[in-house]
Each structure stands twice: as C-alpha cells, then as structure tokens.
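*Asks:* Protein sequences, first through last, are from chains U and Z.
Heads up: the first sequence begins at 1 in my numbering, then just goes up one per residue.
Heads up: the second sequence begins at 1 in my numbering, then just goes up one per residue.
Provided herewith is a single structure, encoded as structure tokens, for subsequent inquiry.
2 protein chains.
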Amino acid sequence: MTNSSTVHHTSECVRVSEVLARVGDKWSIQVIATLGEGPRRFSELKRGIDGVSQRMLTLTLRGLERDGLITRKVTPSIPPRVDYALTDVGKSLLEPVKALGDWAIANRTTVDAARSIYDARTDDI
Amino acid sequence: MTNSSTVHHTSECVRVSEVLARVGDKWSIQVIATLGEGPRRFSELKRGIDGVSQRMLTLTLRGLERDGLITRKVTPSIPPRVDYALTDVGKSLLEPVKALGDWAIANRTTVDAARSIYDARTDDI
DNA sequence: GGAATTAGTCACTTTGATGTGCCTTTGTTA
DNA sequence: TAACAAAGGCACATCAAAGTGACTAATTCC
C-alpha cells in the first residue's frame, strides 16, 4: 500500500479500467454497435466490420460471450450457421458507450486542434 | 470498400474507438480521475497511482497533454516543480467516463457470474 | 468434377504497449 | 562529504495483442 488518500476511488478506477479494457480493444465496440442493430451471423459481422480478420472476430466474440454481453446460437446445418445477438446486459452497455461516442463527436475538432498545436510545438524543439 | 449497410456508423465507431484507445490504456483513467480532484504535481500522481512507473506516467501525461485534456505548468525551481491539471475538455470527459464507471459497478456481479459460468462450461470440453 | 460457402482452428510472426534500471541537474540537508 | 530531492530521459528487455496464411467439414452450385 503506497497511499491512503485515493484508496476509496482506486477500486472504482480499476473497475472502469476493466470495462474499458473489455470494450476498448480494436473490435469490440464495432461488434457491439453492429449487433445493436439486430442479430447477425458470423460472416455478416465479418463483412460488415472493415478490416477484421476471422481470428480476431472469433476472439472478440468469444470474449464478449464470456462476459455475457452477447449470445451465440449455433444451427448445426451444412454449411453451419451461427447467430450472434446482444443480451440485455450488452444492450445496457450500449448507452454509456453512446455517451462516450457523443463526447468523441462533440470534441473531435477540439482534440484534433490541440494535437496539431502540440505536434507543431514539439517539432521544433 | 467491403460493405454499404454500415457505412453511416462506421466513422462514428472509429471515433469512439479512438477515444477508447486514448482513455482505455492502463493509466489514463486513473490519472484523469486523480486530477478530477484537483491539480497535482508529478510526484503526487506517482505516489497516488499504485504501480505506475515513472516512464509510464510520463508517457501517459504526454499523451493526455497532447490531446488537450490536461495542462502542464513548469516552475523552473530547484528541484523542479511541474503541476498538472485537467482542462475544460478533460473535465467534460469525466462525465461520460463516470457513466461507464457506473455501468461497471452496476453490472459487475452479472458480468462476473457470466464469466464463471462460461469458464466452467468450457473447462470440461 | 471443381469451386464456393460457413464458421471456425492452428501455428507462426510482427507490432505495440509496458516495465526496469541507470543517468542527469543543482541545491539543501544530515 | 555524501545522500537526497524532483521530473524526467534513455536504452534495453518482456510480454500480450494483433495479424497472416493455411487447413478443415459437408454440401450445393456451375
């Protein structure tokens, strides 16, 4: 233990970090957003999410399924069919994520400007 | 271009992902949360955030400064003194992040339960 | 008969993020 | 006289995340 003043919000921060880690990877948000429009099968997700590899889509879906954010329904036909859909928990996550998205849209120019200024300033050092 | 049905929300998703990448790393949230309580100097942040190395704190602060989320005020004394504080943009980010934090707290047991079930189910396959 | 489809898995490589330990600078303190 | 303080910088090591390409099954379509 290195401090005491921040102990009360440290665990909360860790929790937030966990969610952000869960949802902050390269593909989870796009999967959740796509499934927010309705159930999709694997190949539909793959086609809909630009640049995702089969492997990464599989891993992402497994992770989301593990955390109970999506369901996976297998139809053992030939060729096989697997449908993914958001659970209620998954849907509820859509809301705070959208809030963050709104912030991103609202502040994109400000952030971009700050970035340009910073880069220009540090370039000539 | 691989699809058309998701074109309209793809850029939005990318934006959200950028914010999540910005804020979803290991330390940014804790820095922002700590600075949410008021300005802090480097060593205070380092002591307050458990486990962060000097290097990672520096990198995190540089990144946040670059995006205009925090300010860095140098007082050239001996020993040097550097104060960090949230900008208005940084403060505004606190809100949606808190929303996500609330979701995390509200759903922690649900997610943990789902995870246990999933792990138990996949263990014996 | 050969190609395409579906939902993956497997082995391998590459990239990026993170961590560790040592160095500096000048003044104060033990 | 030697250590310590603050706020890093720098070189190096490590490790997890992400990407790549090949392979599978059975069936239908051409």
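For each residue, glycine too, the CB sits at the ideal point set by N, CA and C.
Output needed in chain order: residues of the stretch 66 to 79 of chain Z with a Cβ under 7 Å from some Cβ in chain U.
*Replies:* Of all residues in the stretch 66 to 79 of chain Z, 66, 67 and 68 have a Cβ within less than 7 Å of some Cβ in chain U.
*Asks:* Considering Cα atoms alone, identify which of U/14, U/18, U/49 and U/38 is closest to residue 12 of chain Z.
*Replies:* Translated into positions along the second sequence, residue 12 of chain Z becomes position 12. The candidate whose alpha carbon is nearest that of residue 12 of chain Z is U/49.
*Asks:* What span of residues does the beta strand (DSSP E) with residue 91 of chain Z cover, start to end?
*Replies:* Taking the second sequence and counting its residues from 1, the one referred to as residue 91 of chain Z is at position 91. Where residue 91 of chain Z is concerned, there is no enclosing beta strand (DSSP E), although the alpha helix (DSSP H) it sits in stretches over 88 to 123.
*Asks:* Which residues, in order along the stretch 95 to 108 of chain U, keep a beta-carbon less than 9 Å from a beta-carbon of chain Z?
*Replies:* Against chain Z - using a Cβ distance shorter than 9 Å - the residues of the stretch 95 to 108 of chain U are 95, 96, 97, 98, 99, 100, 101, 102, 103, 104, 105, 106, 107 and 108.
*Asks:* Which of the three DSSP states, helix, strand or coil, is assigned to residue 127 of chain U?
*Replies:* Examination of residue 127 of chain U is not possible in this model, given that chain U is present from 1 through 125 alone.
*Asks:* Any Cβ of chain Z within less than 8 Å of the Cβ of residue 85 of chain U?
*Replies:* For the purposes of this step, residue 85 of chain U is identified with residue 85 of the first sequence, where counting begins at 1. Chain Z, which has no Cβ nearer than 8 Å to the Cβ of residue 85 of chain U, makes this no.
*Asks:* Just grab the DSSP bridge partners of residue 47 of chain U for me.
*Replies:* Within the first sequence, the letter at position 47 stands for residue 47 of chain U. Bridge partners of residue 47 of chain U: none, in fact.
*Asks:* Using only alpha-carbon positions, find the residue among U/58, U/85, U/66 and U/80 that is nearest to residue 37 of chain U.
*Replies:* Taking the first residue of the first sequence as 1, we reach residue 37 of chain U at position 37. Closest by alpha carbon: U/85.
*Asks:* Kindly indicate if chain Z contains any beta-carbon less than 8 Å away from that of residue 54 of chain U.
*Replies:* In the first sequence, counting from the first residue as 1, residue 54 of chain U sits at position 54. No, because no Cβ of chain Z sits closer than 8 Å to the Cβ of residue 54 of chain U.
*Asks:* Kindly give me the distance between the Cβ atoms of residue 15 of chain U and residue 108 of chain Z, rounded to whole angstroms, as I take these residues to be in contact under 8 Å.
*Replies:* As a working mapping, residue 15 of chain U is identified with position 15 in the first sequence. As a working mapping, residue 108 of chain Z is identified with position 108 in the second sequence. That belief holds up - the Cβ atoms of residue 15 of chain U and residue 108 of chain Z are roughly 6 Å apart, short of 8 Å.
*Asks:* Count the other CB atoms, across all protein chains shown, that sit within 10 Å of the CB of residue 81 of chain Z; report buried if there are 16 or more and exposed otherwise.
*Replies:* For the purposes of this step, residue 81 of chain Z is identified with residue 81 of the second sequence, where counting begins at 1. Per the 10 Å Cβ criterion, exposed.
*Asks:* Closer than 8 Å by C-beta to residue 23 of chain Z: which residues in its own chain qualify, once you throw out the five before and the five after it? Chain order, please.
*Replies:* Sequence index remark: in the second sequence, residue 23 of chain Z carries index 23 (1-based). Closer than 8 Å at Cβ, skipping near neighbours: 29, 32, 93 and 97.
*Asks:* Taking 8 Å as the CB-CB cut-off, is residue 58 of chain Z touching chain U?
*Replies:* Position 58 of the second sequence, counting from 1, holds the residue named residue 58 of chain Z. With 8 Å as the cut-off, residue 58 of chain Z does not count as an interface residue toward chain U.
*Asks:* In the structure shown, what three-state DSSP assignment does residue 16 of chain Z receive?
*Replies:* On the second sequence, residue 16 of chain Z is found 16 positions in, with the first residue counted as 1. DSSP places residue 16 of chain Z in helix when its eight states are reduced to three.
*Asks:* Going by CA-CA distance only, name the one from U/66, U/64 and U/72 that's closest to residue 41 of chain U.
*Replies:* Here residue 41 of chain U refers to the residue found at position 41 of the first sequence. Among U/66, U/64 and U/72, the Cα nearest to that of residue 41 of chain U belongs to U/72.
*Asks:* Check the Cβ of residue 24 of chain Z against every Cβ in chain U and list those closer than 7 Å, keeping chain order.
*Replies:* Residue 24 of chain Z sits at position 24 when you count from the first residue of the second sequence. Correct list: 20, 21 and 24.
*Asks:* Within a Cβ cutoff of 6 Å, which residues of the same chain sit near residue 90 of chain U, ignoring the five residues on either side of it in sequence?
*Replies:* Walking along the first sequence from the start, residue 90 of chain U turns up at place 90. Here the set comprises 69 and 70.
*Asks:* Which whole-angstrom value is the C-beta distance of residue 74 of chain U and residue 67 of chain Z, which I expect to be below 8 Å?
*Replies:* Within the first sequence, numbered from 1, the residue matching residue 74 of chain U stands at position 74. Within the second sequence, numbered from 1, the residue matching residue 67 of chain Z stands at position 67. That belief does not hold up - the Cβ atoms of residue 74 of chain U and residue 67 of chain Z are roughly 43 Å apart, past 8 Å.
*Asks:* Rounded to whole angstroms, how far is the Cβ of residue 57 of chain Z from the Cβ of residue 45 of chain Z, which I believe are closer than 8 Å?
*Replies:* Translated into the one-based positions of the second sequence, residue 57 of chain Z becomes position 57. Translated into the one-based positions of the second sequence, residue 45 of chain Z becomes position 45. With 8 Å as the limit, residue 57 of chain Z and residue 45 of chain Z qualify as a contact, their Cβ atoms being about 6 Å apart.
*Asks:* I need the DSSP call for residue 82 of chain Z, collapsed to helix, strand or coil.
*Replies:* Locating residue 82 of chain Z in the second sequence gives position 82, where the first residue counts as 1. The answer is strand: DSSP assigns residue 82 of chain Z an E or B state.
*Asks:* Can you list, in chain order, the residues of its chain with a C-beta nearer than 8 Å to that of residue 8 of chain Z? Leave out the 5 residues immediately preceding and following it.
*Replies:* For the purposes of this step, residue 8 of chain Z is taken as residue 8 along the second sequence, with counting starting at 1. Low local confidence applies: a pLDDT of 48 at residue 8 of chain Z is under 50, so the model's placement there is unreliable, with the coordinate-based value given in what follows. Excluding residues within five positions, none has a Cβ falling inside 8 Å.
*Asks:* Cβ of residue 43 of chain U less than 8 Å from any chain Z Cβ?
*Replies:* The sequence position of residue 43 of chain U within the first sequence is 43, counting from 1. No, because no Cβ of chain Z sits closer than 8 Å to the Cβ of residue 43 of chain U.
*Asks:* Given that a residue counts as buried once 16 or more other Cβ atoms are within 10 Å of its Cβ, and exposed if not, what is residue 4 of chain U?
*Replies:* Taking the first residue of the first sequence as position 1, residue 4 of chain U is located at position 4. Since pLDDT at residue 4 of chain U reaches only 36, below the 50 mark, its modelled position is unreliable, and the value read off the structure follows with that caveat. Its Cβ having fewer than 16 others within 10 Å, residue 4 of chain U is exposed.
*Asks:* When you compare each of Z/123, Z/120 and Z/101 to residue 19 of chain U by their alpha carbons, which one comes out closest?
*Replies:* Taking the first sequence and counting its residues from 1, the one referred to as residue 19 of chain U is at position 19. The option with the nearest alpha carbon to residue 19 of chain U is Z/101.
*Asks:* Using alpha carbons as the reference points, say which of Z/26, Z/62, Z/95 and Z/52 lies closest to residue 122 of chain U.
*Replies:* Position 122 of the first sequence, counted from the first residue, corresponds to residue 122 of chain U. Among Z/26, Z/62, Z/95 and Z/52, the Cα nearest to that of residue 122 of chain U is on Z/62.
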